[in-house]
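Below is one structure, written out as structure tokens; the observations come after it.
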Amino acid sequence: MSGLELVPVSFADARRFIAEHHRHHEPPKGHKFSIGVALERELVGVIVVGRPIARVIDAEGDTLEVTRSATDGTPNANSKLYAAAWRATSAMGYRRLITYTQEGETGASLRAAGFRVIAERPPRGGWDMPSRRRTARSVANITRFLWEVP
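Residue numbers (our numbering): 950 to 1099.
Dropping the structure here:
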């Protein structure tokens, strides 16, 4: 028994946890829902699920995306969060849950939760476009992998 238990977490608390623990992204701006995982009543991880960042992926309106997942390093916390996120997504009537990893990330937690890689996205210079200006982030120019629950 791992002692990990799923707990409710507000979006504000999830954002604070992500700001403190995520390696390379800022907290997301919005969400559909967030889930926490605790060990002995101490929050050790959060997952945030929202609409897909790439809107074309959700043409049918039946897809959600894990936009952030962060833990303090507690073993199995991330895979427990991914599995819970899929159960909640499915219970809400959505048919797909996707997420991305970057080159160099193993995806072990995703595989443990039943996700599989469905595409490789080549590096891009960033999201700055003439029609929508954006500040360059440290994650530009990195290959990404798109994962989905089968």
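C-beta atoms are modelled at their ideal positions from N, C-alpha and C, and glycine is treated no differently.
| Asked | Found |
| --- | --- |
| Just verifying my parser: in three-state terms, what is the DSSP assignment at V1098? | coil |
| Would you mind stating whether T1038 and R1093 have Cβ atoms separated by less than 9 Å? | no |
| Comparing alpha-carbon positions, which option in L992, P957 and I1047 lies nearest A1026? | L992 |
| Can you tell me which of the three DSSP states Y1031 falls into? | helix |
| Starting from Y1049, follow its DSSP beta bridges and name the residues at the other end. | L1095 |
| Which residue's Cα is closest to the Cα of W1035: V1066, T1012, E1052 and I967? | T1012 |
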